[in-house]
Amino acid sequence: MKNIILFFTVFILGVSQSHAQKEKITGNWLITKVEVKDRIINPYQTINYSQDGKMIIMGIEAGIWEYNKENHSIVTKSELDKDFNGENKILKLSDTALVVLKDGAKVFYNKINFNQVSKENANAGLMGSWRLNNEENPDTVHLLTFTSPDNFVLITKDYGSQSKSKGTWIFNKKDKTVILIGLSMEQFKGLNNIIHRSENQMSLENKGITYEFTKEKNQTNTIEHLAFSQDDFFNENGDFKYEEDENKLPWKNWNDMKLGILNVKQLIYTYSSLIPSTTAFENKTLTANVEASMNEEAYYIDNVFIGFDSYNVPENAQFPINSFNDYNKLYPLEDATFRIQGENTITTPAGTFNCTIVEALNGDVKQKLWMINDKLGVYAKIIEEDPDTNFGHYYIYELQEIINNN
Numbered sequence: 518m519k520n521i522i523l524f525f526t527v528f529i530l531g532v533s534q535s536h537a538q539k540e541k542i543t544g545n546w547l548i549t550k551v552e553v554k555d556r557i558i559n560p561y562q563t564i565n566y567s568q569d570g571k572m573i574i575m576g577i578e579a580g581i582w583e584y585n586k587e588n589h590s591i592v593t594k595s596e597l598d599k600d601f602n603g604e605n606k607i608l609k610l611s612d613t614a615l616v617v618l619k620d621g622a623k624v625f626y627n628k629i630n631f632n633q634v635s636k637e638n639a640n641a642g643l644m645g646s647w648r649l650n651n652e653e654n655p656d657t658v659h660l661l662t663f664t665s666p667d668n669f670v671l672i673t674k675d676y677g678s679q680s681k682s683k684g685t686w687i688f689n690k691k692d693k694t695v696i697l698i699g700l701s702m703e704q705f706k707g708l709n710n711i712i713h714r715s716e717n718q719m720s721l722e723n724k725g726i727t728y729e730f731t732k733e734k735n736q737t738n739t740i741e742h743l744a745f746s747q748d749d750f751f752n753e754n755g756d757f758k759y760e761e762d763e764n765k766l767p768w769k770n771w772n773d774m775k776l777g778i779l780n781v782k783q784l785i786y787t788y789s790s791l792i793p794s795t796t797a798f799e800n801k802t803l804t805a806n807v808e809a810s811m812n813e814e815a816y817y818i819d820n821v822f823i824g825f826d827s828y829n830v831p832e833n834a835q836f837p838i839n840s841f842n843d844y845n846k847l848y849p850l851e852d853a854t855f856r857i858q859g860e861n862t863i864t865t866p867a868g869t870f871n872c873t874i875v876e877a878l879n880g881d882v883k884q885k886l887w888m889i890n891d892k893l894g895v896y897a898k899i900i901e902e903d904p905d906t907n908f909g910h911y912y913i914y915e916l917q918e919i920i921n922n923n
């Protein structure tokens, strides 16, 4: 009888210990270091050993796992990648740390408590968008955005190209570090030492390189998404509903408006391009040259509403040549399907103007235009939006100054 009792006691203790070991393994871990012979790798990848036996690596279900009591190891199986298969011999296991030996490599893990991460991140002072001070290549924008509770987005934008990386961030107040965990990242991945941080400036050190950031201020531009569509311009029979609106446009003809434009030399606009997946804008100044001739009754204005002006033409691009004619009602823009949405007074850095508001469609691209009523070809403001989720854009052009001839 005593032997039976002893057997069941040992059996229950063994099951309890096995269960306790599995409970310690279960949860979210961060792989911080891998030692392979004389090499050290810092992958900073997440792995979740779930309660139901699933193995999830960087958010992707990669296979299954189980605890082997006899060998004190984690056995993993995967059809996704054969390198995930095999035995992970446990060298150390606690509530916060795990070290295993797999295929000759020693792998170090730290336990992640995402509830604690959320609390730490909330008080880190990093929330918002930070722009890399890129003096070597000022045309390339790197924008790092931290959001609650633990997500980040890194946008790298150059002329004609853009990339986006996203992932998880973990702030450590004691160590003064922030870890960025993501798949498709070249810069800032892994452990970043916070060298300095103030309300508007931040310095991060990553792999021996120091990066200086400036926090994006609250944008003065309000994002006004354009909600109208093609269906709003046509009735149920497919007939255009705004044929008469052309007669309501303020820019009728050269003779009526020539005195208001003859002395204008240049129009200065701010061009603001919304950086996707953020609320931040990339801004630059565009200059539109204006030429008007009383004798020839000719009028020419640069169309800068293509994102560049004649002084900064991108490589392999050509600046368009156009001149005023009565056929293009939205000059200097290309003609489009449009409707009048009333009049309004708008104030820009260039002044206060009485404008006619026009909504226009050019294919999938939507535009909202503020046409200054007494200045032929001059817009106070234009919003342009392409809602395509993959290749769309959101631009704002705002008149900053009207420069007259001396």
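Residue numbers (the working numbering): 518 to 923. Built from N, CA and C at the ideal position, the CB exists for glycine as well. Every value quoted in this text rests on a predicted model; they were computed, and no experiment measured them.
Here the segment 847 to 860 makes no contact with the segment 721 to 730; the two share fewer than three CB pairs at distances below 8 Å.
With distances taken between CA atoms, Ser794 lies nearest to Asn907 out of Val781, Lys571, Asn907 and Lys706.
Taking all protein chains shown into account, Pro849 has 16 or more neighbouring C-beta atoms within 10 Å of its C-beta and is therefore buried. Contiguous beta strand (DSSP E) elements confined to the segment 653 to 712 occur at 658 to 664, 668 to 675, 678 to 689 and 694 to 699, taking only those with 3 or more residues.
By the C-beta criterion, the segment 569 to 582 is judged to be in contact with the segment 590 to 603, since at least 3 inter-stretch pairs fall below 8 Å. For Phe631, no beta strand (DSSP E) segment is defined; the enclosing uninterrupted segment is the alpha helix (DSSP H) at Phe631 to Ala639. Around the C-beta of Gln835, fewer than 16 other C-beta atoms lie within 10 Å, and the residue is accordingly described as exposed.
In the three-state reduction of the DSSP assignment, Gln884 falls in the strand class, which pools E and B. Here Ile557 is exposed: its Cβ has fewer than 16 other Cβ atoms, across all protein chains shown, within 10 Å. Beta bridge pairing from DSSP links Trp647 with Leu661 and Lys732. The segment 707 to 716 makes contact with the segment 678 to 696, as at least three CB pairs between them are under 8 Å.
One thing to note: Gln747 has its Cβ no nearer than 8 Å to the Cβ of Leu886.
For Gly544, the enclosing beta strand (DSSP E) covers residues Gly544 to Val553.
In this structure, Lys782 sits near Asn922, with a CB-CB distance shorter than 8 Å. The three-state reading of DSSP puts Asp762 in helix, counting H, G and I together. Comparing C-alpha distances from Val551 to each of Ser790, Asn559 and Tyr566 shows the shortest one belongs to Asn559.
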